[in-house]
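Participant: Handing you a structure now.
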Amino acid sequence: MTEERLLLSGDDAVALAALHAGVRLGTGYPGTPSTEILETFDRLGGHAQWAPNEKVALEVGIGSAFAGARTLVTMKHVGLNVAADALFTATYTDVDGGLVIISADDPGMASSQNEQDNRHFARAAGAPMLEPIDSQQAYDYTWLALEIGERWKIPVILRLTTRVCHAKTVVRPRGVEQRRSLEDTETPPENGKTEHRFRRDIPARVMIPAFAKPAHHRLRQKLAEIAAWNEAEGPMQEYGSEARDQGGDHPREQGDRPGPVPIGHQAAGAIGNQTGLDAGKQAEAQARKQATAGVLEPPKLGIIATGVAAMHAREAAPDARQLTFGLTYPLPLKRIRTFAAQVERLLVIEEGDPVLVDDLNAAGIKAEGKPMRYRFGELNVERVRSIIAGDDSPEPEPTKGKPPELCQGCSHRTVFEALRDLNCIVAGDIGCYTLGVLPPFSAMDTCVCMGASIGVGLGMRHVLPEAEARRVVSVIGDSTFVHSGLTGLAEMVYNPPPTGHLVLILDNGTTAMTGQQEHPGTGRSLDHSPTHQLDFAGIGQAMGVQSVVLVDGSDKSVSLEERIATQLASNETALFIVRQPCVLAAPKIRLYEKAAAGERERQCAALPEI
Amino acid sequence: MITNIVIAGLGGQGVVKASDILADAALAAGFDVKKSELHGMSQRGGSVTSDVRYGHPEHSPVLSPMVPPGEAHVLLVLEPTQVEVARPLLHPGGLLIGPELIEPGALKNKKSFNVAMLGALSTALEIGELYWQQAIQANLAEKLHALNAQAFALGRTRGPSRQADVLDNAIPSERHPEP
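Protein chains in written order, with this note's numbering: chain A, -1 to 608; chain B, 448 to 626.
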């Protein structure tokens, strides 16, 4: 254990752990609240790259893990929907290198289109899931996810939520001697050169039915073994009166070191704060104390809470007994059963869907969940107090602050003014430009998921009366277009509506919404160094879009409104690429371009003269 | 005892930067610290708040990273329109430090307003000035250090000091580690 105390966000803690654990490759697609993980991993010296979307990221990650390397794949909750096709079969395979999939959920939808609960994915895909309660655990569980993954050759989901990703809390990283250098993760040097070598294992990795059938049996066997390990050695904290006396904030079930001990090196049942008869007596004493103090809390309350909700619960009910575990799938049902037997009222405090409470009740452990109202939005200490008290009075409406808006000088403003003035039916998409839905523009009619603008626009074009169909426009950002718009464009060419269609790519040269990340359309890698650039106009032409127009958004001599109006009157399929850099990113983009030009000059100067 | 501070303003004003500096200063002073805010869509020019909580690392470690509504001991507001929006977050009798404390012309560069407001806040908290200075330097580019040091010093002269009862109640000094 180091004396180093770092104040880190959960995202940064994952990145630091990935570096310390010798992760060879980090890949993902930007998405709040996960984005900073790969940016930090890169900044710390790790190999990080943005993929076009989450599915490709996970596929790259699977390949890297098949090749034996420790691998990190990051995405927000809805990103895992895109990557789900890869996930559901990857769990059947044997991965040699630890493969950690970050699912950063957004209960309360601080910056998302839904508040889906990705704990369902662990159950549906058969992927073990770890859920940290703070940055320290985000650090520790990144290590643990790699270790579980390598022991059972299975991808592991590390589920974070907004308040774990972005809250900064104190982290004590592992000491240098406990870290793993990249060299350790490689096969022994051959001819003085370290390299990964491919291990052929066709039945474990080629999922044709003949191999997939036994692979499914293997997956269930792996999960049964992991569940047994979770019962005996899984990361768990039990809080109660005794625990508080001993423990402090982070009762460490594994002695005085911050990180989990590598699997197999741990004493079985090493739970730091085992309570028994004494705890029962203490709970009774507590109950008497509470009764005299007039506290509403019923006696012998036992709380099961995971993720950041565990912290809210401890603060809301400091005198209750609480069991919090890190490996939330497969569940340590025996441990939970033992805990349940020691309390009178077993209450599950979980953010989002009633996943845990349903699992417990299905297993015959009588548990009480939260009222329906708390399924919406994130939890906090106040809400958890109400859940515990059984308080069913309406919650006060939070005061409405100033809503977000497109920046002053934002290149999207002109586009939405034109669409508003033309009274277009706008199939929108996901990014800063979704703010075009708000006044003074009110120029967006649909927003569903990444890339949906094109398909949704086409669907409306096919069925609306002609006069209305002509008003339909699809609006999509540059990064979103690469993510999920290419196949929509193929659909437009393949099944063109009778009135044609118009797709506008709002190309501001960056993934603006998530904080200005690069993507394949910018021509720069995650670290902003130059790489090959997708040519949107060339793609449109090659696919067979009838009218492909490049519009300079800053050129005020041409009226965008007129151009759109003319196009809508035709029956063509059309792709307009409206290009103007994001006003926030523009100064940085100039710096990157300058640096790239300087590098080219240096390379030219270094060339031998012919 | 946990000290709860909420910083409120509009996106682009440096609310998050200010809370980063406060959290770093509290950490350096020996406290257990958590800070939390929302990122992303809501930050595009809209209302922003950031929560910072700190307490004695052994006697009162911070649990939830969020300040429960109505339980902020100090509310630091960087934008006049946000005072009423954020006021419900403040504990009844808590300390409100509003933007009127520093008039627009008082600063060489208005971008250092957030740091000037931290100067005012610093007079109400038990975090040594040295830790603040270190935290400001750690969170800002070197070319901005002098400018922000001046802004912080100006803020200190305008600070409410530790007069508010709520803070005296909220921060029992004997339980805090010596910086």
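Heads up, the beta-carbon is just placed ideally off N, CA and C, and yes, glycines get one too.
What is the residue span of the alpha helix (DSSP H) that Pro207 of chain A lies within?
Facilitator: Pro207 to Glu231 is the span of the alpha helix (DSSP H), which, as asked, contains Pro207 of chain A.
Participant: With burial defined as no fewer than 16 other Cβ atoms inside 10 Å of the residue's Cβ, what is the status of Gln539 of chain A: buried or exposed?
Facilitator: Exposed: under 16 other Cβ atoms inside 10 Å.
Participant: If you reduce the DSSP assignment to three classes, tell me which class Val480 of chain A lands in.
Facilitator: Correct three-state label for Val480 of chain A: helix.
Participant: Quick check on Gln219 of chain A: buried or exposed, where buried means 16 or more other Cβ atoms within 10 Å of its Cβ?
Facilitator: Exposed.
Participant: Measuring alpha carbon to alpha carbon, tell me which of A:Ala465, A:Ser555 and A:Arg561 ends up nearest Val501 of chain A.
Facilitator: Of the listed residues, the one whose Cα sits closest to Val501 of chain A is A:Arg561.
Participant: For the alpha helix (DSSP H) containing Arg561 of chain A, list its first residue and its last residue.
Facilitator: Counting along the chain, the alpha helix (DSSP H) containing Arg561 of chain A begins and ends at Leu558 to Ala567.
Participant: Excluding five sequence neighbours on each side, which residues of the same chain lie with their C-beta closer than 6 Å to the C-beta of Pro539 of chain B?
Facilitator: For Pro539 of chain B, where only same-chain residues beyond five positions count, there are no Cβ hits under 6 Å.
Participant: For the segment 461 to 476 of chain B, which residues have a CB atom closer than 7 Å to at least one CB atom of chain A, in sequence order?
Facilitator: For the segment 461 to 476 of chain B, which is checked against every Cβ of chain A, the residues closer than 7 Å are Ala470, Asp471 and Leu474.
Participant: Are the C-beta of Arg491 of chain B and some C-beta of chain A separated by less than 7 Å?
Facilitator: It does: the Cβ of Arg491 of chain B has a partner Cβ on chain A nearer than 7 Å.
Participant: Identify, in the order they occur along the chain, each residue of the same chain with its Cβ nearer than 6 Å to the Cβ of Gln47 of chain A, setting aside the five sequence neighbours on each side.
Facilitator: Contacts found: Thr25 and Leu524.
Participant: Look up Met541 of chain A in the DSSP assignment and say whether it is helix, strand or coil.
Facilitator: Helix.
Participant: For Lys482 of chain B, return the contacting residues in chain A, with the cut-off set at a CB-CB distance below 7 Å.
Facilitator: Those are Ala165 and Lys166, listed as they occur along chain A.
Participant: Starting from Val346 of chain A, find everything on chain B with Cβ-Cβ shorter than 8 Å and list it in chain order.
Facilitator: Per Cβ cutoff of 8 Å: no residues; Val346 of chain A is ~18 Å from chain B at best.
Participant: Please work out which residues of its chain come closer than 7 Å, Cβ to Cβ, to Gly253 of chain A, disregarding the five sequence neighbours upstream and downstream, and give them in chain order.
Facilitator: Caution applies to Gly253 of chain A, whose pLDDT of 34 falls short of 50 and renders its modelled position unreliable; the model cannot decide the point.
Participant: Do you know how far the Cα of Glu231 of chain A is from the Cα of Val98 of chain A?
Facilitator: Answer to the nearest angstrom: the Cα atoms are 20 Å apart.
Participant: How would you list, in chain order, the residues of chain B whose beta-carbon sits under 8 Å from the beta-carbon of Met309 of chain A?
Facilitator: Under the 8 Å cutoff, chain B gives Leu510, Ser511 and Pro512.
Participant: Within the 7 Å Cβ cut-off, does Asn506 of chain A reach chain B?
Facilitator: So no, Asn506 of chain A is outside the interface.
Participant: Quick one: is Ser507 of chain B buried, meaning 16 or more other Cβ sit within 10 Å of its Cβ, or exposed?
Facilitator: That one is buried.
Participant: Does His486 of chain B have its Cβ less than 7 Å from a Cβ in chain A?
Facilitator: Yes, because at least one Cβ of chain A sits closer than 7 Å to the Cβ of His486 of chain B.
Participant: Counting only Cβ pairs nearer than 8 Å, list the residues of chain B close to Arg161 of chain A.
Facilitator: Correct list: Ser483, Pro512 and Met513.
Participant: With a 10 Å radius around its C-beta and 16 neighbouring C-beta atoms as the bar for buried, classify Ser179 of chain A as buried or exposed.
Facilitator: Exposed: under 16 other Cβ atoms inside 10 Å.
Participant: Using the Cα positions of Ala617 of chain B and His503 of chain B, report the straight-line distance between them to the nearest angstrom.
Facilitator: Caution applies to Ala617 of chain B, whose pLDDT of 47 falls short of 50 and renders its modelled position unreliable; the model cannot decide the point.
Participant: Are the Cβ atoms of Leu504 of chain A and Val454 of chain A separated by less than 7 Å?
Facilitator: Their beta carbons are not under 7 Å apart, which means Leu504 of chain A does not touch Val454 of chain A by this criterion.
Participant: Anything in chain A within Cβ reach of Thr528 of chain B, meaning under 8 Å, just list it in chain order.
Facilitator: Simply Lys400.
Participant: From A:Arg216, A:Phe209, A:Thr478 and A:Ala123, pick the residue whose C-alpha is nearest to that of Glu52 of chain A; which is it?
Facilitator: Comparing Cα-Cα distances from Glu52 of chain A to each of A:Arg216, A:Phe209, A:Thr478 and A:Ala123, the minimum goes to A:Thr478.
Participant: Name the DSSP bridge partner or partners of Pro528 of chain A?
Facilitator: DSSP output for Pro528 of chain A lists A:Arg522 as bridge partner(s).
Participant: Is there at least one Cβ from chain B nearer than 7 Å to Val379 of chain A's Cβ?
Facilitator: Cβ-Cβ to chain B under 7 Å: yes for Val379 of chain A.
Participant: Beta-carbon of Ser494 of chain B versus every beta-carbon of chain A: anything under 7 Å?
Facilitator: It does: the Cβ of Ser494 of chain B has a partner Cβ on chain A nearer than 7 Å.
Participant: Taking 7 Å as the CB-CB cut-off, is Val562 of chain B touching chain A?
Facilitator: Not an interface residue.
Participant: Which word fits Lys364 of chain A, buried or exposed, when buried means at least 16 other C-beta atoms lie within 10 angstroms of its C-beta?
Facilitator: Label assigned to Lys364 of chain A: exposed.
Participant: Should Pro546 of chain B be flagged as near chain A, meaning a C-beta pair shorter than 7 Å?
Facilitator: No, its Cβ sits nowhere closer than 7 Å to a Cβ of chain A.
Participant: What is the DSSP secondary structure of Arg491 of chain B, reduced to helix, strand or coil?
Facilitator: Reduced to three states, the DSSP call for Arg491 of chain B is coil.
Participant: List the DSSP bridge partners of Arg500 of chain B.
Facilitator: Arg500 of chain B pairs with B:Asn451 and B:Lys481.
Participant: Run the CB neighbour count on Leu5 of chain A, radius 10 Å, all protein chains shown included, and call it buried at 16 or more, exposed below.
Facilitator: It is buried - the Cβ of Leu5 of chain A has at least 16 other Cβ atoms within 10 Å.
Participant: Fully enclosed by the segment 74 to 146 of chain A, which alpha helix (DSSP H) runs are 4 residues long or longer?
Facilitator: Segments of the alpha helix (DSSP H) lying fully in the segment 74 to 146 of chain A: 75 to 88 and 117 to 123.
Participant: Measuring straight from C-alpha to C-alpha, what distance separates Ser559 of chain B and Leu591 of chain B?
Facilitator: Each residue's alpha carbon lies about 9 Å from the other.
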